[in-house]
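Protein chains in written order, with the working numbering: chain A, 1390 to 1625; chain B, 1390 to 1625. Here a beta-carbon is modelled for each residue, glycine too, at the ideal position from N, C-alpha and C. What follows is a single structure, written as structure tokens, with notes after it.
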DNA sequence: TGACCTGGGTTACAGCCTCTAACTAGAGGT
DNA sequence: ACCTCTAGTTAGAGGCTGTAACCCAGGTCA
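Have a look at this one:
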């Protein structure tokens, strides 16, 4: 009956989860490049090719870890955004930015899965692009409460054209702006892009260890960058 | 005689160069993760273990490619700086920033060797840190012509402490500031760090392909970020 | 109950990679 | 002639990927 099928399915999911968890631990230890299916199998106590019943191959497993990580990061950011919903926009920007960094610092190997060296010719599945956009959604609402950004004319017009050309983006922006929006969509989007770039700058450098031995706290740099952005777009 | 020894040495260098060149091509094609010594050997027309006479192993070869890339990037930036020596500081900042991006875009695989996912537990040799600092040296002189940066108090004080604590850094800053410096060392250094973070943000995102499908030019974002920085530090 | 199907697991193997060991050949020096 | 040093060779151990063929237990169904 269906119940048995259910039970089997559940078991299958459980094993898949265990595999993913062990793989993540292995990545944390030795890096994604060193992930081997047989290594995972050995650690689980099962012999080599068994794992091919669960994942089509090493790269398939990796791809699934990436997708999970996107979701996890998106959750972390939207949690930070909703937790700070009552605060002024500048404080919310800091909250989301630090949530991003905290997530990445707690598990740099996972961050690098998303933002590190990609596999050439690997094409992210189409919905991954959407997921990536979803990660940044909380920023949109926050930056929509700014009012202007004098110097960013070229960037704004490029983004305005993008909004006009791609309906999915237009929808995303409209949904994301929220009721308190005071900024034009292209201004808010320029803010999001800039915030993303700066987040990536700070966190990416920290994650690969390039800040080591420099006498500064990454969190200081991040705070500084977010303040500069808040100033530029006129966040309260 | 010594001459023959010389000739042998030259030959050896020549072969090492050929190996590195082929390896770079292979990385450009399939990514650093897919680099294999035997693959290089096959392409060169020599059989497997022969390459171990020239490099201790795959990772050794990779490490040398990284060091070379640092030098190449540093050259590109200092060339851009000296080529624009007569221009106003804001223009020079743009010139160096775009040189950085151009270098990376022309050979993303090489950029990712420097800034992409690192091998865990791999410790960069000590002089690599110096080389990395050298990459940013041209920015120091340029940003030293700013005059202030009101919001960056915490960052400045951290950097001032670093300068005070580490003589090598103090020397580097003193040498780099140049005769036209109008900024305090900590202000200039804060500017360099910020420029680096933003450079890394834009170029890192572009290099891993995350800008794909977004309706914007990475160069626009970069220009925008550098202008914002120039405004903040008061570059002419 | 007994035949059958399904899915997790197994071993065997082909093919590729790293890196070591042991050997050969040739060029240089004495 | 003899010695040495170096670039290259083949052989091989050990590890990984991924495929193929097989086993076995549990559930299904006549």
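| Check | Outcome |
| --- | --- |
| Flag this pair as touching only if the region 1588 to 1599 of chain A and the region 1553 to 1565 of chain A have three or more C-beta atom pairs under 8 Å; answer yes or no. | no |
| Measure the C-alpha to C-alpha separation of residue 1666 of chain B and residue 1596 of chain B and round it to an integer number of angstroms. | As shown, chain B starts at 1390 and ends at 1625. That puts residue 1666 of chain B outside it, with no answer to give. |
| By Cβ distance below 8 Å, which residues in the same chain neighbour residue 1571 of chain A in space, the five residues on each side in sequence not counted? | 1533, 1534, 1535 and 1536 |
| Using a Cβ cut-off of 9 Å, which residues of the region 1418 to 1441 of chain A contact any Cβ in chain B, in chain order? | 1418, 1419, 1420, 1421, 1422 and 1423 |
| Distance, Cα to Cα, residue 1550 of chain B vs residue 1614 of chain A? | 20 Å |
| Taking Cβ-Cβ distances below 7 Å as the criterion, which residues of the region 1492 to 1506 of chain A are in contact with chain B? | 1501, 1504, 1505 and 1506 |
| Have a look at A/1542, A/1525 and A/1584 and flag the residue whose alpha-carbon is nearest the alpha-carbon of residue 1561 of chain A. | A/1525 |
| Can you tell me whether DSSP reads residue 1603 of chain B as helix, strand or coil? | coil |
| What's the C-alpha gap between residue 1510 of chain A and residue 1468 of chain B? | 33 Å |
| Measuring only between beta-carbons, confirm whether residue 1456 of chain A sits less than 8 Å from chain B. | no |
| Kindly indicate which three-state DSSP category residue 1534 of chain B falls into: helix, strand or coil? | coil |
| Which residues mark the beginning and the end of the alpha helix (DSSP H) in which residue 1565 of chain A is found? | 1556 to 1566 |
| Using a Cβ-Cβ cutoff of less than 7 Å, which residues in the same chain neighbour residue 1461 of chain A once the five nearest sequence positions on both sides are dropped? | none |
| What are the residues in the region 1599 to 1611 of chain A lying within 8 Å of chain B by C-beta distance? | 1599, 1602, 1603, 1604, 1605, 1606, 1609 and 1610 |
| Listing by chain order, which chain B residues have their CB less than 7 Å from the CB of residue 1594 of chain A? | 1586 and 1589 |
| Quick check on residue 1616 of chain B - is its C-beta less than 8 Å from some C-beta in chain A? | yes |
| Decide if residue 1542 of chain A is buried, meaning its Cβ has at least 16 other Cβ atoms within 10 Å, or exposed. | exposed |
| Which residue from A/1507, A/1400, A/1575 and A/1452 puts its Cα closest to that of residue 1417 of chain B? | A/1507 |
| Can you look up residue 1500 of chain A in the DSSP assignment and give me helix, strand or coil? | helix |
| From A/1428, A/1403, A/1400 and A/1398, pick the residue whose C-alpha is nearest to that of residue 1412 of chain A; which is it? | A/1428 |
| Whose C-alpha, out of A/1452, A/1394 and A/1483, is nearest the C-alpha of residue 1608 of chain A? | A/1483 |
| Please name the residues in the region 1534 to 1551 of chain A whose beta-carbon is closer than 7 Å to at least one beta-carbon of chain B, in chain order. | 1540, 1541, 1543, 1544, 1547, 1548, 1550 and 1551 |
| Can you tell me the Cα-Cα spacing of residue 1602 of chain B and residue 1518 of chain A, whole angstroms? | 9 Å |
| Can you give me the C-alpha to C-alpha distance between residue 1578 of chain B and residue 1487 of chain B, rounded to a whole angstrom? | 20 Å |
| Mapping DSSP to helix, strand and coil, what is residue 1428 of chain A? | helix |
| Taking C-beta pairs closer than 7 Å, name the residues in chain A that residue 1564 of chain B reaches, listed in chain order. | Ordered by position in chain A, no residue passes the 7 Å Cβ test against residue 1564 of chain B, which lies about 18 Å from the chain. |
| Ignore the nearest five residues each way along the sequence and tell me which others in residue 1404 of chain A's own chain have a CB closer than 8 Å to its CB. | 1443 |
| Can you give me the C-alpha to C-alpha distance between residue 1415 of chain A and residue 1567 of chain B, rounded to a whole angstrom? | 48 Å |
| Looking at residue 1505 of chain B and residue 1505 of chain A, is the spacing between their C-beta atoms short of 8 Å? | yes |
| Give every residue of the same chain whose Cβ lies closer than 7 Å to the Cβ of residue 1502 of chain A, excluding the five residues on either side of it in the sequence, and list them in chain order. | 1421, 1454, 1455 and 1458 |
| CB residue 1527 of chain B to CB residue 1466 of chain B, shorter than 8 Å? | yes |
| So is residue 1583 of chain B buried or exposed if we call it buried at 16+ other beta carbons inside 10 Å? | buried |
| Got a sec? Which residues, its chain only, sit under 6 Å from residue 1426 of chain B by beta carbon, not counting five neighbours each side? | 1440 and 1447 |
| Counting only beta-carbon atoms, is residue 1620 of chain A nearer than 8 Å to chain B? | yes |
| Taking C-alpha atoms, which residue in A/1435, A/1464 and A/1436 lies nearest to residue 1522 of chain A? | A/1464 |
| What are the start and end residues of the alpha helix (DSSP H) that includes residue 1458 of chain B? | 1447 to 1472 |
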